[in-house]
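In what follows, a structure is listed as structure tokens, so that the remarks can point back to it.
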Amino acid sequence: MVDSIFLALSVLTIGSAIVALEIRSLIYGSIGLMLTLSGIAGFFLLLDAPFVAMFQLSVYVGSIAVLILFTVMLVRRELIFNKIEDSRRRYAGIGLMIIMMLGIGTIIIGSGLKSMETDTASVDYKKIGEDFLTYYSPALIVMALILASAVIGALALARREDVTSDQRAD
Amino acid sequence: MTNALIDFVLVSVALLAIGIYGLSVKRNAIRMLFAVEMIVNSANLNLVAFARFIPNSQGQTLALFSIAIAAAEVAVGLALVIVAYRMYNNIDIADFRSLKG
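Residue numbers (this note's numbering), protein chains in the order written: chain A, 1 to 170; chain B, 1 to 101.
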């Protein structure tokens, strides 16, 4: 049986996901996305994974959502409220969503996952830190390189080429 | 632990379906990024839920890697949106017709 915290979190997550996609203003949409990501962090707390929950809060809610908010503010005002949609395509999309929910949902409910419950203790998060520094340390280094190259690539992409600096020495 | 594994998996499926709906219907580039974020988050929720119920710690480790990679992906995606906005003066993806620089 689910408890009330789980129900409230799932209503918050799914509802704000729908709001983020359907509300007219992109600024409110990004705030809705922020609420969705916070709801997922709450699920992580329910699953006894406090380290992942804090990571989610600091990376997603703290940086990604704020980055999206700033990008939205760089865009022209009438584009923020602009909402062009093909209505036939929209109905097809809603149909696809309902078919996916029902199809995958019935498959999952029919599978053996239903009987899977646990009463063992949760994993200590010290184990995650040890894993990161021993077994996963090459992957950690590769991930750091990927992050650095992605940030450098993003900076190089967003650079303006038509503006030249006057203070150049040569 | 009163919640079963299947509850978390069902929430994850709902979030995945909403993300696919947004990705297929919306024409605004930033809204498509929202949808991609929802799909990535549903995958993360699945990883952590299965890691709790098996139980081992590798699912959480993989979720941490996935969150970091998603951060890099959003940075590059938003830079692409800004470049396209500067080039076409619009963020409607139906206008992004040529790949010429």
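Backbone N, C-alpha and C define an ideal beta-carbon position, used for all residues, glycine too.
If you draw a straight line from the C-alpha of phenylalanine 43 of chain A to the C-alpha of glutamate 161 of chain A, how long is it?
Residue 43 of chain A sits at position 43 when you count from the first residue of the first sequence. Residue 161 of chain A sits at position 161 when you count from the first residue of the first sequence. Cα to Cα, the separation comes out at about 44 Å.
Among the candidates B/Tyr21, B/Ala72, B/Val11 and B/Phe96, whose CA atom is the shortest distance from the CA of leucine 45 of chain B?
For the purposes of this step, residue 45 of chain B is taken as the residue at position 45 of the second sequence. Out of B/Tyr21, B/Ala72, B/Val11 and B/Phe96, B/Val11 has the C-alpha closest to the C-alpha of leucine 45 of chain B.
Anyone know if the C-beta pair for threonine 71 of chain A and isoleucine 82 of chain B falls short of 8 Å?
Mapped onto the first sequence, residue 71 of chain A falls at position 71. Mapped onto the second sequence, residue 82 of chain B falls at position 82. Yes; because the gap between Cβ atoms is below 8 Å, this pair is in contact.
Run down chain B in chain order and give the residues with a C-beta less than 7 Å from the C-beta of threonine 120 of chain A.
Along the first sequence, read from residue 1 onward, the residue named residue 120 of chain A stands at position 120. Per Cβ cutoff of 7 Å: Pro55.
Could you pull out every unbroken alpha helix (DSSP H) segment of at least 4 residues lying fully inside the stretch 104–147 of chain A, listed in chain order?
125–133
Do you know how far the Cα of methionine 38 of chain B is from the Cα of methionine 101 of chain A?
Working through the first sequence from its first residue, we reach residue 101 of chain A at position 101. Working through the second sequence from its first residue, we reach residue 38 of chain B at position 38. Cα to Cα, methionine 101 of chain A sits roughly 15 Å from methionine 38 of chain B.
Within the same chain, show all residues whose beta-carbon is closer than 6 Å to that of glycine 39 of chain A, passing over the 5 residues directly before and after it, in chain order.
Position 39 of the first sequence holds residue 39 of chain A. Scanning its chain for C-beta atoms nearer than 6 Å, with the 5 sequence neighbours on each side dropped, one finds around glycine 39 of chain A the residues Leu9, Leu12 and Thr13, in chain order.
How would you write the range of the alpha helix (DSSP H) that tyrosine 85 of chain B sits in, first residue to last?
On the second sequence, residue 85 of chain B is found 85 positions in, with the first residue counted as 1. Here the alpha helix (DSSP H) through tyrosine 85 of chain B covers 58–88.
Could you run through the stretch 61–82 of chain B and flag, in chain order, every residue whose CB is less than 9 Å away from some CB of chain A?
Thr61, Ala63, Leu64, Phe65, Ile67, Ala68, Ile69, Ala70, Ala71, Ala72, Glu73, Val74, Ala75, Val76, Gly77, Leu78, Ala79, Leu80, Val81 and Ile82
Spell out a yes or no on whether the stretch 21–34 of chain B and the stretch 87–107 of chain A are touching, meaning 3 or more CB-CB pairs, one atom from each, closer than 8 Å.
yes
Given this structure, state the Cα-to-Cα distance separating tyrosine 60 of chain A from leucine 147 of chain A, to the nearest angstrom.
Here the question's residue 60 of chain A lines up with position 60 in the first sequence. Here the question's residue 147 of chain A lines up with position 147 in the first sequence. Their Cα atoms are separated by approximately 15 Å.
Please state whether DSSP places asparagine 3 of chain B in a helix, a strand or coil.
Within the second sequence, residue 3 of chain B is the residue found at index 3, counting from 1. The answer is coil: DSSP assigns asparagine 3 of chain B none of H, G, I, E or B.
Can you tell me the Cβ-Cβ gap for valine 52 of chain A and valine 74 of chain B, rounded? I've got them flagged as a contact below 8 Å.
Within the first sequence, numbered from 1, the residue matching residue 52 of chain A stands at position 52. Within the second sequence, numbered from 1, the residue matching residue 74 of chain B stands at position 74. That pair is no contact at about 18 Å.
Is any beta-carbon of chain A found at less than 8 Å from that of asparagine 46 of chain B?
In the second sequence, the residue the question calls residue 46 of chain B occupies position 46. For asparagine 46 of chain B, the answer is no, since every Cβ of chain A falls outside 8 Å of its Cβ.
Determine whether the Cβ of serine 24 of chain B lies closer than 8 Å to any Cβ atom of chain A.
Here the question's residue 24 of chain B lines up with position 24 in the second sequence. It does; some Cβ of chain A falls within 8 Å.
My guess is that glycine 29 of chain A and phenylalanine 34 of chain B are in contact by the Cβ rule of under 8 Å, so how many angstroms apart are they, rounded?
Position 29 of the first sequence holds residue 29 of chain A. Position 34 of the second sequence holds residue 34 of chain B. Contact flag correct, Cβ pair sits at about 7 Å.
Below 8 Å, how does it come out for the stretch 105–123 of chain A and the stretch 52–60 of chain B: are there three or more Cβ pairs, yes or no?
With a cut-off of 8 Å, the stretch 52–60 of chain B and the stretch 105–123 of chain A count as touching, because enough Cβ pairs lie within range.
So with CB distances below 9 Å, who are the chain B contacts of isoleucine 31 of chain A?
Here the question's residue 31 of chain A lines up with position 31 in the first sequence. Within 9 Å Cβ-Cβ: nothing; isoleucine 31 of chain A doesn't reach chain B, min ~11 Å.
Would the beta-carbon of leucine 5 of chain B fall within 8 Å of that of leucine 113 of chain A?
Here residue 5 of chain B refers to the residue found at position 5 of the second sequence. Here residue 113 of chain A refers to the residue found at position 113 of the first sequence. For leucine 5 of chain B and leucine 113 of chain A, yes; Cβs fall inside 8 Å.
Excluding the five sequence neighbours on either side, which residues of its own chain have a C-beta within less than 8 Å of the C-beta of isoleucine 91 of chain B, listed in chain order?
Your numbering for residue 91 of chain B matches position 91 in the second sequence. Asn28, Ala29, Ile30, Val81, Ala84 and Tyr85.
Beta carbons nearer than 9 Å to chain B: which residues of the stretch 6–19 of chain A have them?
Listed by position, the residues of the stretch 6–19 of chain A near chain B (Cβ gap below 9 Å) are Phe6, Leu9, Ser10, Thr13, Ile14, Ala17 and Ile18.
Taking Cβ-Cβ distances shorter than 7 Å, what residues in chain A pair up with methionine 38 of chain B?
Taking the second sequence and counting its residues from 1, the one referred to as residue 38 of chain B is at position 38. What methionine 38 of chain B touches in chain A: Ala17 and Thr36.
Any residues in the stretch 82–93 of chain A with a beta carbon nearer than 7 Å to a beta carbon of chain B? Which ones, in chain order?
The stretch 82–93 of chain A vs chain B, Cβ under 7 Å: Ile84, Glu85, Arg89, Arg90 and Gly93.
Quick one: Cα of tyrosine 21 of chain B to Cα of leucine 33 of chain A, how far?
The residue given as residue 21 of chain B occupies position 21 in the second sequence. The residue given as residue 33 of chain A occupies position 33 in the first sequence. Those two C-alpha atoms are separated by around 15 Å.
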